[in-house]
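Report on the structure given below.
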Amino acid sequence: MTMPSSLPASRLITELQSFGIRLADPRVGAPSRRGGAGPSDHKAVTVDGRTVMVPVHTAGAFASPYMADAPDAEGASIVRRDGVALGRVSFPRVPRFYALQTMDGVPYSKIAVLHGADVLATTVLQTCIRYQSRTKTCQFCSIGQSLAAGRTIARKTPEQLAEVARAAVLLDGVRHMVMTTGTPSTPDRGAAILCESAKAVKAAVDLPIQGQCEPPDSDAWFTRLYEAGIDTLGMHLEAVTPEVRARVMPGKASVPLERYFSAFEAAVPVFGRGQVSTYILAGLGDSREAILEMAERLIVLGVYPFVVPFVPVSGTPLEDHPAPSPAFMHDLLSAIGGMLKRAGMRASDSKAGCGKCGACSALSSFEE
Numbered sequence: 000m001t002m003p004s005s006l007p008a009s010r011l012i013t014e015l016q017s018f019g020i021r022l023a024d025p026r027v028g029a030p031s032r033r034g035g036a037g038p039s040d041h042k043a044v045t046v047d048g049r050t051v052m053v054p055v056h057t058a059g060a061f062a063s064p065y066m067a068d069a070p071d072a073e074g075a076s077i078v079r080r081d082g083v084a085l086g087r088v089s090f091p092r093v094p095r096f097y098a099l100q101t102m103d104g105v106p107y108s109k110i111a112v113l114h115g116a117d118v119l120a121t122t123v124l125q126t127c128i129r130y131q132s133r134t135k136t137c138q139f140c141s142i143g144q145s146l147a148a149g150r151t152i153a154r155k156t157p158e159q160l161a162e163v164a165r166a167a168v169l170l171d172g173v174r175h176m177v178m179t180t181g182t183p184s185t186p187d188r189g190a191a192i193l194c195e196s197a198k199a200v201k202a203a204v205d206l207p208i209q210g211q212c213e214p215p216d217s218d219a220w221f222t223r224l225y226e227a228g229i230d231t232l233g234m235h236l237e238a239v240t241p242e243v244r245a246r247v248m249p250g251k252a253s254v255p256l257e258r259y260f261s262a263f264e265a266a267v268p269v270f271g272r273g274q275v276s277t278y279i280l281a282g283l284g285d286s287r288e289a290i291l292e293m294a295e296r297l298i299v300l301g302v303y304p305f306v307v308p309f310v311p312v313s314g315t316p317l318e319d320h321p322a323p324s325p326a327f328m329h330d331l332l333s334a335i336g337g338m339l340k341r342a343g344m345r346a347s348d349s350k351a352g353c354g355k356c357g358a359c360s361a362l363s364s365f366e367e
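Quick note on numbering that gives the first Met the number 0: the sequence shown kicks off at 0 and runs consecutively.
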């Protein structure tokens, strides 16, 4: 499924994730996603044996110099830049569990979806106290779009999640699961919802789970999450400087960086080094130096800094904000990959979640 390319795989992935890709046949592969929790407006694409998420519905993707031909009989497509063939890619097929529905008629695909090649992902609570206010919403977030369009349901019950997870493992070989959540009004900031959901899934199927939420009010929640079956934990910074945080996520910025770091320090001993991670969206306004300084600080604590390129999503306040250039991302990820290698921290050592999946960033390619 591969052919010689004028670009190394890591470089091609970085280029595709920055520019996006145009598709000669938009129907190819598993369905792309519009709106909802990230990655949104993307499609799963396999490059040199590695499945990544590439923008296909953004304004940048519509103007991308990269084009994927219609697939051949084996399902492979030639990727071209300005007409020049660069290599072959393929697209993960529609998962079999998408054809099923619950006893009360809810399609499984409205409860959880396939990310990358083998990751089951769900937003347990598809509403958020931040999203409901224009003055508080994260400017890049589209969590409410898929709900408004009827592509998901507002609250996935533990029973529904367990049913879908078991089917995804049995039918499609799913290897780990990501549970994220919108932030509720309760002080646990979603930890309680994750606990009850993880317990139900683990009772139904042996599947490693990453939970994702804002830092809860009490560090006691970290032990509760771990004992409920959450194997790895994501608490996402998104932006790393107070100025950018206040501008692009005014509601979430009310949880200060100090609380994130005290939460990281408390969570790592519970979950283990490299089993706590944070998303950092490069391209929101933080400088290269600020991101590198933050990454170094996180790695010292044993937190994996999952740095991904910001992708402007249609319908959000930042839909016209430019994505970072491939050169910026390549330079940034190269430096962070070196930090991780020197620290002996690898995405592949994570038990579950975004870092292990790696579909939204080429970072793990630079760890080598």
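Glycine is no exception: its CB is placed at the ideal position from the N, C-alpha and C atoms. The structure presented is a predicted model; accordingly, all values stated were derived computationally and were not measured.
Subject >> Best match in Gly357, Leu291, Ser253, Ile290 for proximity to Arg188 [C-alpha to C-alpha] >> reply: For the purposes of this step, residue 188 is taken as residue 189 along the sequence shown, with counting starting at 1. Among Gly357, Leu291, Ser253, Ile290, the Cα nearest to that of Arg188 is on Ser253.
Subject >> Cβ neighbour criterion (16 or more within 10 Å) applied to Gly352 >> reply: The count along the sequence shown starts at 1 and reaches residue 352 at position 353. Burial call: buried.
Original post:
Helix, strand or coil for Tyr65 per DSSP?
Top reply: On the sequence shown, position 66 is the one that residue 65 refers to. In this structure, Tyr65 counts as strand in the three-state DSSP scheme.
Subject >> Top-ranked residue by Cα proximity to Val312, from Asp40, Pro30, Ala29, Pro7 >> reply: On the sequence shown, position 313 is the one that residue 312 refers to. The shortest Cα separation from Val312 among Asp40, Pro30, Ala29, Pro7 belongs to Asp40.
Original post:
Which residues in the same chain have their Cβ closer than 6 Å to the Cβ of Leu232, if we skip the five residues on either side of it in sequence?
Top reply: Taking the sequence shown and counting its residues from 1, the one referred to as residue 232 is at position 233. Gly210, Ala266, Phe270, Val275, listed in sequence order.
**OP:** Figure out for me which residue from Ala120, Leu317, Thr182, Ser261 has the closest Cα to the Cα of Lys251.
**Re:** Translated into the one-based positions of the sequence shown, residue 251 becomes position 252. Of Ala120, Leu317, Thr182, Ser261, the residue nearest in Cα terms is Thr182.
**OP:** Might you give, ordered along the chain, the residues of its own chain that have their beta carbon closer than 7 Å to the beta carbon of Arg359, omitting 5 neighbours on each side?
**Re:** In the sequence shown, residue 359 corresponds to position 360, counting from 1. The sequence shown places Cys at residue 359, rather than the Arg named in the question. So the list reads Pro38, Met52, Val307, Cys353, once near-sequence residues are dropped.
Subject >> Among Ser324, Arg341, Gly301, Phe365, nearest to Leu332 - alpha-carbon criterion >> reply: Within the sequence shown, residue 332 is the residue found at index 333, counting from 1. Leu332 has its Cα closest to that of Phe365, out of Ser324, Arg341, Gly301, Phe365.
Subject >> Length of the line joining the Cα atoms of Ala60 and Gly19 >> reply: The sequence position of residue 60 within the sequence shown is 61, counting from 1. The sequence position of residue 19 within the sequence shown is 20, counting from 1. Going from the Cα of Ala60 to the Cα of Gly19 covers about 4 Å.
Original post:
Tell me which same chain residues have a C-beta within less than 7 Å of the C-beta of Ser17, skipping the five on either side of it?
Top reply: Within the sequence shown, the letter at position 18 stands for residue 17. Within its own chain, the residues whose Cβ lies closer than 7 Å to the Cβ of Ser17, once the five positions on either side in sequence are excluded, are Pro308, Ala322, Pro323, Ser324, Pro325, Met328, listed in chain order.
Subject >> CA-to-CA distance, Leu300 to Pro255, given in whole angstroms >> reply: Along the sequence shown, one-based indexing puts residue 255 at 256. Along the sequence shown, one-based indexing puts residue 300 at 301. About 18 Å.
Original post:
To which residues of the same chain is Thr13 closer than 6 Å at the C-beta, ignoring the five residues directly before and after it?
Top reply: Stepping through the sequence shown from its first residue, residue 13 is reached at position 14. Excluding residues within five positions, the ones whose Cβ falls inside 6 Å are Pro325, Met328, His329, Ala361.
Original post:
Do three or more CB pairs link the region 210 to 230 to the region 150 to 158 at distances below 8 Å?
Top reply: no
Subject >> Residue of Tyr97, Ala191, Ala23, Thr185 minimising C-alpha distance to Val163 >> reply: Translated into positions along the sequence shown, residue 163 becomes position 164. Answer by Cα proximity: Tyr97.
Subject >> Same chain, Cβ closer than 7 Å to Leu224, neighbours up to 5 away in sequence not counted >> reply: Within the sequence shown, residue 224 is the residue found at index 225, counting from 1. These residues qualify, in order along the chain: Ala190, Leu193, Cys194, Gly210, Leu232.
Original post:
To the nearest angstrom, how far is it from the Cα of Ile279 to the Cα of Gly74?
Top reply: Taking the first residue of the sequence shown as 1, we reach residue 279 at position 280. Taking the first residue of the sequence shown as 1, we reach residue 74 at position 75. When rounded, the distance between both Cα atoms is 33 Å.
Original post:
With burial defined as no fewer than 16 other Cβ atoms inside 10 Å of the residue's Cβ, what is the status of Ser363: buried or exposed?
Top reply: Here residue 363 is taken as the residue at index 364 of the sequence shown, counted from 1. Answer is buried; the Cβ neighbour count reaches 16.
**OP:** May I ask you to list the residues that DSSP assigns as paired with Lys42?
**Re:** What you label residue 42 is simply residue 43 of the sequence shown in a count that begins at 1. Within the DSSP bridge table, the entry for Lys42 names Val53 as partners.
Original post:
Three-state secondary structure (DSSP) at Ile20?
Top reply: Within the sequence shown, the letter at position 21 stands for residue 20. Three-state result, Ile20: coil.
Original post:
Excluding five sequence neighbours on each side, which residues of the same chain lie with their C-beta closer than 6 Å to the C-beta of Arg287?
Top reply: On the sequence shown, position 288 is the one that residue 287 refers to. Taken in chain order, the residues that qualify are Leu331.
**OP:** Determine, using beta carbons only, whether Pro94 and Thr45 come nearer to each other than 8 Å.
**Re:** As a working mapping, residue 94 is identified with position 95 in the sequence shown. As a working mapping, residue 45 is identified with position 46 in the sequence shown. In this structure, Thr45 does not lie closer than 8 Å to Pro94 by Cβ.
**OP:** Counting only runs of 4+ residues fully inside the region 115 to 192, write out the alpha helix (DSSP H) ranges in chain order.
**Re:** 142 to 147, 157 to 171
Original post:
From Glu318 to Ala58, what does the alpha carbon distance come to, in whole angstroms?
Top reply: For this step, residue 318 is matched to residue 319 along the sequence shown. For this step, residue 58 is matched to residue 59 along the sequence shown. So the alpha carbons of these two residues sit roughly 8 Å apart.
Original post:
Beta-carbon separation of Gly314 and Ser141 under 8 Å?
Top reply: As a working note, residue 314 is residue 315 in the sequence shown. As a working note, residue 141 is residue 142 in the sequence shown. Yes, they are a contact pair.
**OP:** Determine the extent of the alpha helix (DSSP H) in which Gly336 is found, giving its start and end residues.
**Re:** Taking the first residue of the sequence shown as 1, we reach residue 336 at position 337. Start and end: 325 to 342.
Original post:
Ordered along the chain, which non-local residues of its own chain (more than five positions away) have a Cβ less than 8 Å from that of Ile298?
Top reply: Numbered from its first residue, the sequence shown carries residue 298 at position 299. The residues are Pro304, Met338, Leu339, Ala342, Met344.
Subject >> For Tyr65 and Leu22, the rounded distance between their alpha carbons >> reply: Residue numbering aside, residue 22 sits at position 23 when the sequence shown is read from its first letter. Residue numbering aside, residue 65 sits at position 66 when the sequence shown is read from its first letter. Cα atoms of Leu22 and Tyr65: separation of roughly 9 Å, rounded to the nearest angstrom.
Original post:
What residue from Asp81, Cys137, Val105, Leu146 has the CA that sits closest to Thr122's CA?
Top reply: As a first step, residue 122 is located in the sequence shown; it is residue number 123 there, counting from the start. Of the candidates Asp81, Cys137, Val105, Leu146, the one whose C-alpha sits nearest the C-alpha of Thr122 is Leu146.
**OP:** Report the partner residues of Ala281 according to the DSSP bridge assignment.
**Re:** As a first step, residue 281 is located in the sequence shown; it is residue number 282 there, counting from the start. For Ala281, which the question treats as bridged, DSSP gives the partners Pro308.
Subject >> Residues of its chain near Ser89, where Cβ-Cβ distance is below 6 Å and the 5 sequence neighbours each way are ignored >> reply: Translated into the one-based positions of the sequence shown, residue 89 becomes position 90. The answer, listed in chain order, is Met0, Thr45, Gly74, Ala75.
Original post:
Whose C-beta lies closer than 6 Å to the C-beta of Asp24 among residues of the same chain, with five residues either side of it excluded?
Top reply: In the sequence shown, counting from the first residue as 1, residue 24 sits at position 25. Here the set comprises Ala69.
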